[in-house]
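Only one structure is covered here, and it is reproduced in the block below.
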Amino acid sequence: MHFHSIPATVELIDHYRQGGYHPVHLGDEFHHGRYKVLAKLGHNASSTTWLARDNEGPQPEVSLKVLQASASKNNRELAMHQRLATTRTADHPGKGNNHVVELLDHFYHEGPNGRHLCLVFPAMVSDVRAMVTSGAPLNARDLGNLARQVLRGVQTLHAAGIGFCDLRPENIMVAYPVPTCRWDCLQPALCMPVEWRGGLEKDESVPRYLVQSQRYPCMVEREDFDRVVVVIGDLEGAQWIKSCDRMPGVALSMRAPEVIGKGRWDERADIWGLGCLIYELATNEILFPVKTRGVSEEKVDENHLGLIEWRLGEHAPQGFAVYLGERLPRGSFTVKDVERLAEVLLHMLQIAPTNRWSVNELLETPFIKGRY
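Under our numbering, read the sequence shown as residues 38 to 409, first letter to last.
Below you can see the structure in the form of structure tokens.
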């Protein structure tokens, strides 16, 4: 260890090395001064993401994603956005183009740790997780509206040969309404100095300080729900459907049975994930909570499959509707709403992938079409 530990939720300081993260500071400029870093939005194992001012584009603020140098060569996420750009301009039959985040720009930045791919997206500081947990419970109409938009986004991805693989609430971003001031959804910067251990020579591979994510749960007002636009916001974990060359990095509780069993899988795993996502948005509960502490991987998988069979087995049509109705917010769903929601979820949550309905079929169901 070259550094004193930093007790905070930030990226690993040891990953600032050759091939790793690029050291970014608030106020830094990229791409010949076009983009200026304003705030930290987050990080993951292969990138850091920042709110930046665009001094040349039509949008005054953008999201700037700076990838680790080792993840920047032949990057799959960039290739997928380039494929999607061709479908947007070719009048593709998929109708969900506005429900997948659009890549605005990309460029490469040379730094002390290598050559970093930088991806520029519209600035969206709130996600569906924050919207659901910080605001009033969703009613049937609101839920149907959100589900329809996410389905259309998945429709676009599948039509372009892309499996999303990770349909968790945090990856569904709120594109509209935009906060009147994005700083309302951001906390003040908390910067933690990086302290080198004694006797070590400092270099430029590491930032002077690390910044915690400044994102803060940003509530959508009830009167704005009818106008909410959401988009699928991160393709970093997505895969080409034709190859599916690795197991998807989906949240543990949202894995389809074929993924749990580490068998062959395809875009139909996304349909299962959609069912888990819509249930979670409706109830603010996880459909298949999986305990992992002190449990072997094999036992976790066994328990997960057992829970799926218990919830969705032989008596699922009747029992699942009752189970669902008991967990929905009181007064927000009629008996008919519950029946229609249970129906569409069961079409998604078929244990056998071949029995799951396609996105096109799901878009025609009464609950998704908005027949309340």
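All C-beta atoms, glycine included, are put in the ideal place defined by N, C-alpha and C.
Model, not experiment: these values are computed from the prediction.
- A Cβ-Cβ distance of about 13 Å is found for the pair P174 and E317, leaving them out of contact under the 8 Å criterion.
- Straight-line measurement puts the Cα of Q119 at about 42 Å from the Cα of P354.
- Below 8 Å, too few C-beta pairs join the region 228-242 and the region 260-270 to call them touching: fewer than three.
- C-alpha of R364 to C-alpha of A379: approximately 12 Å in a straight line.
- DSSP, read as helix, strand or coil, puts S84 in strand.
- Residue state for M210 is assigned as strand, using DSSP reduced to three classes.
- E98: member of the beta strand (DSSP E) spanning 98-104, first to last residue.
- A distance below 8 Å separates the beta carbons of C222 and V162.
- With the rule of 3 Cβ pairs closer than 8 Å, the region 89-107 counts as touching the region 67-81.
- S109 sits buried, since 16 or more C-beta atoms from the chains shown fall within 10 Å of its C-beta.
- Counting along the chain, the unbroken alpha helix (DSSP H) around I405 starts and ends at 403-406.
- A straight line joining the alpha-carbon of D374 with that of P326 spans about 25 Å.
- Here the C-alpha atom of V74 lies approximately 25 Å from the C-alpha atom of S42.
- Inter-segment contact for the region 304-317 and the region 337-351 is absent: fewer than three beta-carbon pairs are separated by less than 8 Å.
- The straight-line gap separating the alpha-carbon atoms of L115 and W277 is approximately 12 Å.
- Take L154, set aside five residues on each side of it, and the residues of its chain with a beta-carbon closer than 7 Å to its own are L104, S109, N112, L115, H143, Y145, in chain order.
- The shortest C-alpha to C-alpha distance from Y72 to any of S107, P60, V157 is the one to V157.
- Closest in alpha carbon position to T391, among R367, E304, S333, is E304.
- Short of 6 Å from the beta carbon of T402, and not among the five residues preceding or following it, lie these beta carbons of its own chain, in chain order: V381.
- Around the beta carbon of W302, a 10 Å sphere encloses 16 or more other beta carbons of the protein chains shown; the residue is thus reported as buried.
- Here A197 really is in contact with T124; their C-beta atoms are around 5 Å apart, less than 8 Å.
- Around the beta carbon of P230, a 10 Å sphere encloses fewer than 16 other beta carbons of the protein chains shown; the residue is thus reported as exposed.
- Put simply, the backbone Cα of S107 is about 45 Å away from that of A177.
- Judged by their CB atoms, V191 and V267 are not nearer to each other than the 8 Å cut-off.
- If you compare the alpha carbons of N135, L247, P159, S369 with that of I50, the shortest gap goes to L247.
- Of all alpha-carbon atoms in T329, R234, N321, the one lying nearest the alpha-carbon of L289 is that of T329.
- Distance from the CA atom of V287 to the CA atom of A89, rounded to whole angstroms, is 29 Å.
- Contact check for T193 against H136 passes: the beta carbons are separated by less than 8 Å.
- K73 is bridged by DSSP to E66, R90.
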